[in-house]
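Add 9 to a position in the sequence shown, counting from 1, and you land on the number used in this note's numbering.
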Amino acid sequence: MIDPLPNEGHLKLLAQRALLGAISKSALGICIDIQDERLILTAFVEGQASEEEKEALQDALSEIYGDLYPQVNFDELRMVEQASSPLSSNGIWVFLRMGIDVKNN
């Protein structure tokens with residue numbers, strides 16, 4: 010039997026633990042969502058994200074995925090480059106730079 014998905018608080022803790030040391034100076038906000046067995050990490054960044062930044066976030070996403078498998082079957086990293094405030098997402102915000110506004114869809 011597969012365990013149920015974690016509640017919002019537990020999901021935030023899993024994501025924030027995995028993101029320690031993985032958030033770059035260009036990050037404005039990061040949110041996480043689960044849709045149809047897909048774990049989605051969306052990172053909003055100023056300018057262009059470097060390959061190093063993308064790899065660090067992908068590593069964090071893989072760690073979260075490992076904590077949630079088999080409740081989720083896929084993971085996906087979405088990078089929103091050239092982002093500006095307010096940021097918009099349906100996900101759960103796990104990181105937000107001071108002074109950045111958000112709106113939930």
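Yeah, the Cβ is synthetic: ideal placement off N, Cα and C, and Gly gets one too.
Small disclaimer: the values here were computed from a predicted structure and weren't measured.
Counterpart residues of residue i in DSSP-defined beta bridges
i, result
"G38", "F53, L105"
"K112", "S97"
"V89", "F53"
"Q67", "None, per the DSSP bridge assignment."
"I43", "L48"
Cα-Cα separation, residue i to residue j
i, j, result
"L50", "A58", "15 Å"
"L22", "E64", "21 Å"
"E2", "A69", "The question about residue 2 has no answer, for the chain in this structure spans 10 to 114."
"L29", "Y78", "21 Å"
"G56", "Q91", "5 Å"
"I73", "K112", "24 Å"
"P15", "D76", "10 Å"
"F104", "S33", "11 Å"
"S94", "D12", "37 Å"
Residues of its chain near residue i, where Cβ-Cβ distance is below 7 Å and the 5 sequence neighbours each way are ignored
i, result
"Q67", "L86"
Presumed contact (8 Å Cβ cut-off) between residue i and residue j, rounded CB distance
i, j, result
"G100", "C40", "3 Å"
"V89", "I43", "That pair is no contact at about 19 Å."
"S71", "D84", "7 Å"
"A36", "R106", "7 Å"
Close-in-space but distant-in-sequence residues of the same chain around residue i (CB under 8 Å, 5 per side omitted)
i, result
"N114", "S97, S98, N99"
Spatial neighbours of residue i in its chain, beta-carbon cut-off 6 Å, leaving aside the 5 residues before and after
i, result
"E46", "V81, N82"
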